[in-house]
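Engineer: Let me give you the structure first, and then I'll get to my questions.
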Amino acid sequence: MQKSLFTMCFNIVKLLIIMCVVMSCNKDNTGSYKDDLELIKRHTDFIELTTNKGKSRLIICPKYQGKIITSTYNGIDGKSNGWLNRAAINKQNPNGNGLGGEDRIWIGPLGGQFSFYYQQIKPLDEKNWQVPTTLENMVFNELSKTNVHVSLENTLRLTNFSGTSLSLNIKRDISILDKNSIEENLKFKLNSAIDFVAYDSSHILKNIDSVSWKKETGLASIWSAGMFKGGDNTTVIIPLKNNGSIVDIYKYMGPLDTKRLYTKDKTLLYKTNGKYRSKIGVPHKFAPEIYGCYSKDQQRLTIIQYRKTNDSLYFNSDVSVQKTPYKGEAIPIYNNGTMDYSTTNEISFFELESTSAMKELLPNETIEHFHRVYHFSGSFNELNHISEMLLNFNLNQIE
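Okay, here's the thing in structure tokens:
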């Protein structure tokens, strides 16, 4: 009896030890680049770009809307920078809809009567939000690739809320950037103690209709966006131009108090914890060409650099029929949360975005846009030095 009891207890203890080891391994693998790569491998074709002796890496899925799924700056076993909804990857979802991902191309506008995201159901209302099927199911064709670059292409037709259909061709070029390219683009020297990964997603959008696109019936823009995990100590940093202030910023969805959105020395600060559904838009006049996001918990400073032109036609995110539908933002930022804006402790994602302007394109005429993402990781002092150089902002000022 005693021996049997001893054996049973021994086996229970052994099982508990095994369970602890397994849980520990799962915890270590959660959020790793390798873990995300293995998940993608099981479900779709992918392209991996690498540089910096394999430390800087990123995953691209042509069948998942040509998205950059995620990146890392610490090699195959390093942290994964993108936010993924892992449950969205399954055999019943061949296009990876709802997956998330670190960089995607969508087509604007978002708000107003020329939006592609509210179908043709009247009245124009947020309840009718839906990503167009042709965009959500978009599969890019691979034109060429190397270890550091891939060129993709697709055509699609979109119909806006007012009923106007536009046919367009999209070329999407993605490059992973080495240290020299980073330094050349940002005009500064990168400290050897900093870990980094950076990429450029460049786009050409062409009008392939037989008629010109007109302002009165709706235009199209290139809209770049990436999803990242929120956090209580994550803040978007936007140095405003032309004496812009908080009153010049567009605010959507949930109301924003001064703890969530505030300014310090003409720099706009927006808390992106991934818990509270809200959105801001920085109008073209006040938008810088470079902005950032500091995640204290991740020891990561992300810099966004995009192509900004002197054009003036931009979309906004207001869900209404508008008198001025082309008075909009060059930088939209979205913070996810519950649909009813209630308090939650569950962290989801936020989005770092940029858009091109819209133009009345003749047949075969084009617009272009690039959206560059730079992730830097290191000590606070090192990241603060980068922030001061690129954003003219001391991270100690974050409340």
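Counting in this note's numbering, the sequence shown tops out at residue 579, every number present. For every residue, glycine included, the Cβ atom is placed at its ideal position computed from N, Cα and C. Bear in mind that the values here come from a model prediction, so they are computed numbers and not experimental data.
Using the three-state DSSP reduction, which class does M203 fall into: helix, strand or coil?
Structural biologist: Confidence in M203 is poor, its pLDDT being 34 and thus under 50, which makes the residue's placement too unreliable to answer from.
Engineer: Please state the DSSP three-state secondary structure of A378.
Structural biologist: DSSP places A378 in strand when its eight states are reduced to three.
Engineer: Using a 10 Å radius around the Cβ and a threshold of 16 neighbouring Cβ atoms, would you call V499 buried or exposed?
Structural biologist: That one is buried.
Engineer: Which same chain residues, not among the five before or five after N423, have their C-beta less than 6 Å away from its C-beta?
Structural biologist: Taken in chain order, the list of residues that qualify is empty.
Engineer: Does the distance from the C-beta atom of I176 to that of I402 stay below 7 Å?
Structural biologist: One cannot answer for residue 176 here, as it falls past the ends of the chain, which runs 181 to 579.
Engineer: Could you give the distance in angstroms between the alpha-carbon of S271 and the alpha-carbon of I484?
Structural biologist: For the record, residue 271 in the displayed sequence is Lys; it is not Ser. Their backbone Cα atoms lie some 34 Å apart in a straight line.
Engineer: Going by beta carbon distance, what residues of the same chain come within less than 7 Å of K503, once the five residues before and after it are set aside?
Structural biologist: So no residue of the chain qualifies.
Engineer: Tell me where the alpha helix (DSSP H) around T313 begins and ends.
Structural biologist: From DSSP, the alpha helix (DSSP H) with T313 extends over 313-316.
Engineer: Can L346 and A400 be called in contact, C-beta distance under 7 Å?
Structural biologist: Contact flag set, yes.
Engineer: Could you check where the beta strand (DSSP E) with D353 kicks off and where it finishes?
Structural biologist: 345-356 is the extent of the beta strand (DSSP E) around D353.
Engineer: To the nearest angstrom, how far is the alpha carbon of D389 from that of N340?
Structural biologist: Computed Cα separation, rounded: 15 Å.
Engineer: From G580 to S404, what does the alpha carbon distance come to, in whole angstroms?
Structural biologist: No answer is possible for residue 580: the residues shown for the chain start at 181 and end at 579.
Engineer: Using a 10 Å radius around the Cβ and a threshold of 16 neighbouring Cβ atoms, would you call Y471 buried or exposed?
Structural biologist: The residue in question, Y471, is buried, as its Cβ has 16 or more Cβ neighbours within 10 Å.
Engineer: Assuming K247 and C241 make a contact with CB atoms under 8 Å, what is their CB distance in whole Å?
Structural biologist: Right, their Cβ atoms sit about 6 Å apart.
Engineer: Could you give the first and the last residue of the continuous alpha helix (DSSP H) run that contains E218?
Structural biologist: From DSSP, the alpha helix (DSSP H) with E218 extends over 213-221.
Engineer: Starting from L332, follow the beta strand (DSSP E) in both directions and report where the run begins and ends.
Structural biologist: Taken as a continuous stretch (DSSP letters only), the beta strand (DSSP E) holding L332 covers 329-339.
Engineer: Considering only residues of the same chain and omitting the five flanking positions on each side of L290, which have a CB-CB separation below 7 Å?
Structural biologist: Hits under 7 Å: Y297, F495, S497.
Engineer: Cutting at 6 Å between CB atoms, please list the residues of its own chain near Y486, excluding the five before and the five after it.
Structural biologist: Contacts found: S534, H551.
Engineer: Where DSSP assigns a beta bridge to M569, which residues make up the other side?
Structural biologist: Answer is none; M569 lacks a bridge partner.
Engineer: For L420, which option in R440, L448, G411 has the closest C-alpha, if you only look at C-alpha atoms?
Structural biologist: Out of R440, L448, G411, L448 has the C-alpha closest to the C-alpha of L420.
Engineer: Looking only at DSSP bridge pairs, what is I511 linked to?
Structural biologist: DSSP, once it has assigned bridges, lists V462 as partnering I511.
Engineer: For Q502, does the three-state DSSP call read helix, strand or coil?
Structural biologist: Three-state DSSP puts Q502 in coil, outside helix and strand.
Engineer: Can you tell me whether T231 is buried or exposed, with buried defined as 16 or more other CB within 10 angstroms of its CB?
Structural biologist: T231 comes out buried.
Engineer: Count the other CB atoms within 10 Å of the CB of T523; is the residue buried (16 or more) or exposed (fewer)?
Structural biologist: When all chains shown are included, T523 counts as exposed.
Engineer: Looking at F530: is its Cβ nearer than 7 Å to the Cβ of G410?
Structural biologist: Yes, the Cβ-Cβ distance between F530 and G410 is below 7 Å.
Engineer: For P463, which residues in the same chain have their Cβ closer than 6 Å to its Cβ, ignoring the five residues on either side in sequence?
Structural biologist: Closer than 6 Å at Cβ, skipping near neighbours: E509.
Engineer: How about the stretch 373-392 and the stretch 353-361: do they share at least three Cβ pairs that are nearer than 8 Å?
Structural biologist: Segments in contact, yes.
Engineer: Rounding to the nearest angstrom, what Cα-Cα distance links N334 and T250 in this structure?
Structural biologist: Spanning the two alpha carbons is a distance of roughly 22 Å.
Engineer: Tell me G280's beta-bridge partners as DSSP assigns them.
Structural biologist: L264, per the DSSP bridge assignment.
Engineer: Just curious, the alpha helix (DSSP H) that L366 is in, first and last residue?
Structural biologist: Counting along the chain, the alpha helix (DSSP H) containing L366 begins and ends at 359-366.
Engineer: Report yes if the C-beta distance between T344 and G398 is below 7 Å; otherwise report no.
Structural biologist: Yes, the pair counts as a contact, with Cβ atoms nearer than the cut-off.
Engineer: Got a sec, what are the start and stop residues for the beta strand (DSSP E) S587 sits in?
Structural biologist: Because the chain is modelled from 181 through 579, residue 587 falls outside the range shown and cannot be assessed.
Engineer: Taking the beta strand (DSSP E) that A405 falls in, what are its first and last residues?
Structural biologist: Start and end: 401-409.
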